[in-house]
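*Asks:* Each residue of the sequence shown is one higher than the one before, starting from 54 at the first, in our numbering.
Could you have a look at this structure, given as structure tokens, before my questions?
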Amino acid sequence: KGIHEFLIRRFVENKFDESHDVTIGMDFKSKVMNIDGVDYKLALWDTAGAERFRSLTPSFYRKALGAILVYDVTSRESLIKLEAWFTELENYSDNPNIATIVVGNKIDDERVVSREEGLKFARKHRSLFLETSAKHDKFVADVFRDIVEKIVSSDQFEQLNNGDRIEVREDDDGGASYCRC
């Protein structure tokens, strides 16, 4: 629990605290990210994967141009649960070419899911792939940079946005975050 929240907190505040209470309900954070001299404001929503908020998630998908789907490399179940998140993206997103990145977090811990398994899963879904450690700040910013770069290079971004605002929404529970323009 909390793997996505730790990833967001590390990215936005550059903090990691294992004793930090996991969010119950929805949490919001924002950060401006500069890529090649252009500022993008990211709005990050974390629903903590609570089942009672699951009914809200379809609205996160509708106009999404990107999604970050995170699993815990110490839990095979969390990777398996990503399949349901991809199904939801297909069912609810208005964008048939939504940019996605699969992220294996907690690479600093004893892994159960190999890097190759995560990469195979990502390739199956035509996704970008990265492994991270929020605890040790390994490749965390790369996740957000890579998904933003993929989004801004898409035809949908050019057609729908002037390039100055991106929202990233995130769920916990072997879940996903949603980047919406």
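The beta carbon of each residue, even a glycine, is placed where N, CA and C say it ideally should be.
The structure presented is a predicted model; accordingly, all values stated were derived computationally and were not measured.
Going along the chain, which residues of its own chain have a beta-carbon closer than 8 Å to the beta-carbon of Ile88, five neighbours each way excluded?
*Replies:* Result list for Ile88: Arg198, Val201, Glu202 and Val205, in chain order.
*Asks:* Provide the residue span of the beta strand (DSSP E) that contains Val156, from first to last.
*Replies:* Start and end: Ala152 to Asn158.
*Asks:* Alpha carbon to alpha carbon, how far is Val196 from Leu95? Give it in angstroms, no decimals.
*Replies:* Each residue's alpha carbon lies about 13 Å from the other.
*Asks:* Out of Val91, Asp162, Gly119 and Asp125, state which residue places its alpha-carbon closest to the alpha-carbon of His189.
*Replies:* With distances taken between Cα atoms, His189 lies closest to Asp162.
*Asks:* What is the DSSP secondary structure of Asp89, reduced to helix, strand or coil?
*Replies:* Residue state, collapsed to three classes: coil.
*Asks:* Pull the bridge partners of Glu130 from the DSSP assignment, please.
*Replies:* DSSP, once it has assigned bridges, lists no residue as partnering Glu130.
*Asks:* Short of 7 Å in beta carbon distance, which residues of its chain neighbour Ser83, apart from the five on each side in sequence? Order them along the chain.
*Replies:* Excluding positions up to five away in sequence, the list reads Lys94, Leu95, Ala96 and Leu97.
*Asks:* In terms of alpha-carbon separation, which member of Ser186, Ile154 and Ile160 lies closest to Lys177?
*Replies:* Ranking the options by Cα distance to Lys177, first place goes to Ile154.
*Asks:* Could you tell me the distance, in whole angstroms, from the CA atom of Lys165 to the CA atom of Ile151?
*Replies:* According to the sequence provided, residue 165 is Val. The question's Lys does not apply to it. Those two C-alpha atoms are separated by around 29 Å.
*Asks:* Mind checking if Glu170 is an interface residue toward chain B, Cβ cutoff 8 Å exclusive?
*Replies:* The structure shown contains no chain B; it holds only a single protein chain.
*Asks:* Relative to the alpha-carbon of Ser128, which residue among Val85, Gly157, Asn148 and Asp147 has its alpha-carbon at the smallest distance?
*Replies:* Nearest C-alpha to Ser128: Gly157.
*Asks:* Indicate the three-state DSSP secondary structure (helix, strand or coil) for Asp125 in the structure shown.
*Replies:* Note: Asp125 maps to strand in three-state DSSP.
*Asks:* Taking Gly171 as the reference, give the member of Met86, Leu118, Phe81 and Ser131 with the closest Cα.
*Replies:* The shortest Cα separation from Gly171 among Met86, Leu118, Phe81 and Ser131 belongs to Ser131.
*Asks:* Are Tyr124 and Leu135 touching if we call contact CB-CB under 8 Å?
*Replies:* Yes, Cβ-Cβ distance for Tyr124 and Leu135 is below 8 Å.
*Asks:* Have a look at Pro149 and Ser207 and give me their C-alpha separation to the nearest angstrom.
*Replies:* Looking at the two C-alpha atoms, the distance is approximately 12 Å.
*Asks:* So the alpha helix (DSSP H) Glu170 belongs to, where does it begin and stop?
*Replies:* Here the alpha helix (DSSP H) through Glu170 covers Arg168 to Lys177.
*Asks:* Quick one: is Lys159 buried, meaning 16 or more other Cβ sit within 10 Å of its Cβ, or exposed?
*Replies:* Answer is buried; the Cβ neighbour count reaches 16.
*Asks:* Tell me where the alpha helix (DSSP H) around Glu202 begins and ends.
*Replies:* It spans Val193 to Val205 - the alpha helix (DSSP H) in which Glu202 sits, taken as one unbroken run.
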